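What follows is a single structure, written as structure tokens, with notes after it.
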Amino acid sequence: MALPLLSYPPKSQNARVEGYTVQGDDQPRIYSAEALLEYSEMTELIDAAYRQIFFHCFAADREPCLESQLRNSQITVRDFIRGLLLSQTYLSSFYEKNSNYRFVEQCIQRVLGRDPYNEREKIAWSIKVATKGVQGFIDELLDTDEYIDNFGYDIVPYQRRRILPGREIGQRPVNIKSPRYDEYYRGILGFPKISWQQEVRRFKPQEQKATPGNPALYLDMARSVSARPASAPAVNTATINIGASVPFRKLNVPINGN
11 MALPLLSYPP KSQNARVEGY TVQGDDQPRI YSAEALLEYS EMTELIDAAY
61 RQIFFHCFAA DREPCLESQL RNSQITVRDF IRGLLLSQTY LSSFYEKNSN
111 YRFVEQCIQR VLGRDPYNER EKIAWSIKVA TKGVQGFIDE LLDTDEYIDN
161 FGYDIVPYQR RRILPGREIG QRPVNIKSPR YDEYYRGILG FPKISWQQEV
211 RRFKPQEQKA TPGNPALYLD MARSVSARPA SAPAVNTATI NIGASVPFRK
261 LNVPINGN
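All you need for this note's numbering is the position in the sequence shown, starting with 1, plus 10.
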């Protein structure tokens, strides 16, 4: 028998009430497929879903079958998100490289758009991963009232309430504060890597850079040219052997005694 989801309280009073926010440049853009979208707009929505789940998607990581079904309205955005969470790319990058607790944390941040409330919430969802597997955990996470109320079936998940009133600095993006790999695998892969430059580069504004034809471009070449003429070696005529130096040819020499 499957265990019920353990109860976990929110970590603050802000999570108990709906937030009143004024839309601005700091607020995330909401991508919704509810309206009839053009091909380019649907492409932006798909790219936004890849950024939310994968952070960065290479050409080999894309799911062309899911994209085609979404464009033809055969599946909803919620189904598309489910397909990305169960894809081999996501499982190999997040599930296989992390513990269940960290995998739950990554999924909550990307699917529900917030950080886990506390350790009790991560334990509760980790039990779902252990009892129902990854697919059962993903299905229950997408079926929660929190996901349906905030994103429904047509909105791409996003990081909610990143800028809170009363905070001087907003929360950092999920992909920055929660790396893909756990600390154990980062140590195996050698992350973070520090690269040192042998040459110190200095920034020079564009308007101060020499344009083509400027004499300053040939300054190094002019400095490399020596201004002193090449000195010719001194020659002493007394030491020259004219007889040995000049070839001698005899004239009117008889051939065969004639």
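Cβ coordinates follow ideal geometry from the N, Cα and C atoms, glycine included. Bear in mind the structure is a predicted one, so any value in this text is a computation, not a measurement.
Where the alpha helix (DSSP H) containing S50 begins and where it ends: Y49 to F64
As assigned by DSSP and simplified to three states, the class of I165: strand
Run of the alpha helix (DSSP H) containing N185, from where it starts to where it stops: V184 to K187
Coarse secondary structure for S42, derived from DSSP in three states: strand
Residue range of the alpha helix (DSSP H) that includes N224: Counting along the chain, no alpha helix (DSSP H) covers N224, and no H or E run does either.
Candidates Y191, K219, Y49 and D89: closest to P167 by CA position: Between P167 and the set Y191, K219, Y49 and D89, the nearest pair of CA atoms involves D89.
Reduced DSSP secondary structure (H/G/I, E/B, other) of K214: Here K214 sits in coil by DSSP.
Own chain partners of T164 with C-beta closer than 7 Å, once the 5 adjacent residues on each side are dropped: Strictly speaking, residue 164 in this sequence is Asp, with Thr absent from that position. Correct list, in chain order: S42, A43, E44, T86 and V87.
Classification of C117 by the beta-carbon crowding that lies within 10 angstroms, buried from 16 upward: buried
Contacts around E77, its chain only, beta-carbon distance under 6 Å, and the 5 residues preceding and following it disregarded: These residues qualify, in order along the chain: I56.
First through last residue of the alpha helix (DSSP H) which encompasses A4: One cannot answer for residue 4 here, as it falls past the ends of the chain, which runs 11 to 268.
Three-state secondary structure assigned by DSSP to G93: helix
Exposure of A134, with buried meaning 16 or more beta-carbon neighbours within 10 Å: buried
E115 classed as buried or exposed, judged by whether at least 16 other C-beta atoms fall within 10 angstroms: buried
Neighbourhood of L16 by C-beta distance below 6 Å, restricted to the same chain and skipping five residues each side: Correct list, in chain order: A134.
For Q98, three-class secondary structure by DSSP: Helix, per DSSP.
Identity of the residue in Q84, S50, Y228 and Q169 nearest P126 by Cα: Q169
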